[in-house]
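**Q**
Numbering (the numbering used here), first residue to last: 950 to 1413.
Structure, rendered in structure tokens:
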């Protein structure tokens, strides 16, 4: 018996079997037991650590010292990196939403593109507004604009809804400060500037195919009307002061520009130059987002009559959903730390090397499988990042290649949204579609986003 246990702990096949059992347990807890993903990831990580023979002190430390434990390093390492970014990004999105920035942006684009170009304009609204705003919040804010556009256009609601959904989904999947991309950047140690560059390079072509071409094809085949009760007319809309389009765009783009400035500065400037130190400081994601929030607070809040109490309430309400997201990400990072500490990562790397399976494809396939099985994109990302992360430490991948692996994981996390995904039901409810219609439109859109995004990552992997 002891020989069998020793084989399980140290043999490559035994470690891989343990990893598969742990993943199966994770899916069972989430899908069948319907346990919170945070608790499921934590329990599965502890199971894997004990089953692989890790010392209890290594797993949780001692009563006097736990800071060196896998548990605290896993949680603390990732949350120290992403908590501030996700929190500030959430507040920034709430300020833009409250100020009416989406209305200003949509009206200007609709005027620019005209009636025939309305679907493209709606897609750009989703794309731009989706940078700082969570996916579901984006739907809540933009859905009334979609209803009005569909009423005026007189065509299927699908033609106007899908471009918006594609824009929101692409930014949510591929760009920080959204939880998934931010989490995978921390798990794989990817520079945020590189993640933005690669995210845009993979995500924009995917958006063009899924958000522009696909709606043009499928909308005539899925006629969906806009019920009268869906269209809400705000009689006081003209009396409300609105921010300028330039101001809205400046607030949205400021953190991206600062982060990219630091990334490009590192590539082209002398390390001893003072200007590089300034760019590095301002381009730190936390600093860049803090500056954007302060700018938005003053220009979109204080100057438009918002009191400190109102801002405090807005911030508090917007941050409520963030707590569970951070717990899920932290538990996923702990799961990944266990995989590394137990030697499962090294065993998997050895098997991949023998089989010749590309790391990019592996990352995508694992992420796809987890997404389809349990529905949550965030769980798919953090679990895949935990599995793949330990494989990257000894290969000397460049930041560009690490960002491509992150993009592949993000692409896999949005494939084939179906009935086990909360987003599926939000889309069906808000855009008056049956389950069959949602599968034909939204589920295919997500799959196109995923496949084209991964295809771009694969192409760039060869070129870079």
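We treat Cβ as the ideally placed atom computed from N, Cα and C, and that holds for glycine.
Quick check on residue 1325: does DSSP put it in helix, strand or coil?
**A** Residue 1325 falls in the coil class under three-state DSSP.
**Q** Determine contact between the stretch 1255 to 1272 and the stretch 1230 to 1237, defined as no fewer than three beta-carbon pairs at a distance below 8 Å.
**A** Flag = no, the stretch 1255 to 1272 and the stretch 1230 to 1237 do not touch.
**Q** Identify every run of the alpha helix (DSSP H) within the stretch 967 to 1010, keeping only runs that are complete inside it and at least 4 residues long; order them along the chain.
**A** You should have 986 to 1000 and 1005 to 1009.
**Q** Since residue 1291 and residue 964 are thought to touch, with beta carbons under 8 Å apart, how far apart are those beta carbons, to the nearest angstrom?
**A** Sure, about 7 Å apart at Cβ, within 8 Å.
**Q** Quick check on DSSP: helix, strand or coil for residue 1369?
**A** Residue 1369: coil per DSSP, three-state reduction.
**Q** Starting from residue 1040, follow the alpha helix (DSSP H) in both directions and report where the run begins and ends.
**A** Taken as a continuous stretch (DSSP letters only), the alpha helix (DSSP H) holding residue 1040 covers 1019 to 1048.
**Q** For residue 1252, does the three-state DSSP call read helix, strand or coil?
**A** It is helical.
**Q** Considering Cα atoms alone, identify which of 1004, 1006 and 1021 is closest to residue 991.
**A** Checked all of 1004, 1006 and 1021; the closest Cα to residue 991 is 1021.
**Q** With a Cβ-Cβ cutoff of 8 Å, do residue 1352 and residue 1139 count as a contact?
**A** Cβ distance < 8 Å, so residue 1352 and residue 1139 count as in contact.
**Q** Tell me whether residue 1259 is buried or exposed, calling it buried when 16 or more other Cβ atoms sit within 10 Å of its Cβ.
**A** Its Cβ having fewer than 16 others within 10 Å, residue 1259 is exposed.
**Q** Let's see if you can read the secondary structure: which residues bound the alpha helix (DSSP H) around residue 1163?
**A** Counting along the chain, the alpha helix (DSSP H) containing residue 1163 begins and ends at 1163 to 1167.
**Q** Could you check the C-alpha separation between residue 986 and residue 1278 for me, to the nearest Å?
**A** C-alpha separation (whole angstroms): 10 Å.
**Q** Can you give the Cα-Cα distance for residue 1348 and residue 1034, rounded to whole angstroms?
**A** Each residue's alpha carbon lies about 20 Å from the other.
**Q** Would the stretch 1118 to 1127 count as touching the stretch 1262 to 1275 if we require 3 or more Cβ pairs under 8 Å?
**A** Touching, no.
**Q** Considering only the beta carbon of each residue, do residue 1204 and residue 1068 sit closer than 8 Å?
**A** Going by C-beta atoms, residue 1204 is not nearer than 8 Å to residue 1068.
**Q** Please list, in chain order, all residues of the same chain as residue 1028 whose beta carbon is under 8 Å from its beta carbon, the five residues on each side excluded.
**A** Hits under 8 Å: 1275, 1278, 1279 and 1282.
**Q** Once the 5 residues before and after residue 1090 are set aside, which same chain residues still bring their CB inside 6 Å of it?
**A** Closer than 6 Å at the Cβ level, and outside the excluded window around residue 1090, lie 1046 and 1051.
**Q** Indicate the three-state DSSP secondary structure (helix, strand or coil) for residue 1320 in the structure shown.
**A** In the structure shown, residue 1320 sits in a helix (DSSP, three-state: H, G or I).
**Q** Taking residue 1085 as the reference, give the member of 1054, 1410, 1378 and 1390 with the closest Cα.
**A** Ranking 1054, 1410, 1378 and 1390 by Cα distance to residue 1085 puts 1378 first.
**Q** Kindly confirm or deny that the stretch 1337 to 1344 and the stretch 1389 to 1399 touch, where touching means at least three C-beta pairs closer than 8 Å.
**A** The stretch 1337 to 1344, when compared against the stretch 1389 to 1399, does not touch it at the 8 Å Cβ threshold.
**Q** Within the stretch 1209 to 1266, note down every full alpha helix (DSSP H) run reaching 4 residues or more, in order along the chain.
**A** Correct list: 1223 to 1231 and 1234 to 1245.
**Q** So, is residue 1362 buried or exposed, given that buried needs 16 or more other C-beta atoms within 10 angstroms?
**A** Residue 1362 is buried by the Cβ-count criterion.
**Q** If you reduce the DSSP assignment to three classes, tell me which class residue 1386 lands in.
**A** In this structure, residue 1386 counts as helix in the three-state DSSP scheme.
**Q** If you draw a straight line from the alpha carbon of residue 1017 to that of residue 1375, how long is it in whole angstroms?
**A** Their Cα atoms are separated by approximately 42 Å.
**Q** Residue 917 and residue 1044 look like a contact to me (Cβ under 8 Å); what is the Cβ gap, rounded to whole Å?
**A** With the chain covering only 950 through 1413, there is no way to say anything about residue 917.
**Q** With a cut-off of 8 Å on the beta carbons, I'd call residue 1159 and residue 1105 a contact; round off their distance for me.
**A** Not quite, the Cβ-Cβ distance comes to about 17 Å (not below 8 Å), so this is no contact.
**Q** Are residue 1251 and residue 1040 closer than 8 Å when you measure CB to CB?
**A** It is not a contact, given that the beta carbons lie outside the stated cut-off.
**Q** Going by beta carbon distance, what residues of the same chain come within less than 8 Å of residue 1003, once the five residues before and after it are set aside?
**A** Within the same chain, residue 1003 has close Cβ partners 1019, 1287, 1290 and 1291.
**Q** Are there 16 or more other CB atoms within 10 angstroms of the CB of residue 1261, so buried, or fewer, so exposed?
**A** Its Cβ having fewer than 16 others within 10 Å, residue 1261 is exposed.
**Q** Can you look up residue 1140 in the DSSP assignment and give me helix, strand or coil?
**A** Residue state, collapsed to three classes: coil.
**Q** Cutting at 6 Å between CB atoms, please list the residues of its own chain near residue 1055, excluding the five before and the five after it.
**A** Closer than 6 Å at the Cβ level, and outside the excluded window around residue 1055, lie 1074 and 1094.
**Q** Could you check what DSSP says for residue 1269 in three-state terms: helix, strand or coil?
**A** Coil at residue 1269, not helix or strand.
**Q** Rounded to whole angstroms, what is the Cα-Cα separation between residue 1144 and residue 1177?
**A** Computed Cα separation, rounded: 42 Å.
**Q** What's the gap between the Cα of residue 1141 and the Cα of residue 1103?
**A** For residue 1141 and residue 1103, the distance between alpha carbons rounds to 42 Å.
**Q** I think residue 1137 touches residue 1338, with their Cβ atoms under 8 Å apart; what is that distance to the nearest whole Å?
**A** The pair is a contact, with the Cβ atoms about 6 Å apart (cut-off 8 Å).
**Q** If distances are taken between C-alpha atoms only, which option among 1321, 1324, 1316 and 1322 comes closest to residue 1332?
**A** Ranking 1321, 1324, 1316 and 1322 by Cα distance to residue 1332 puts 1316 first.
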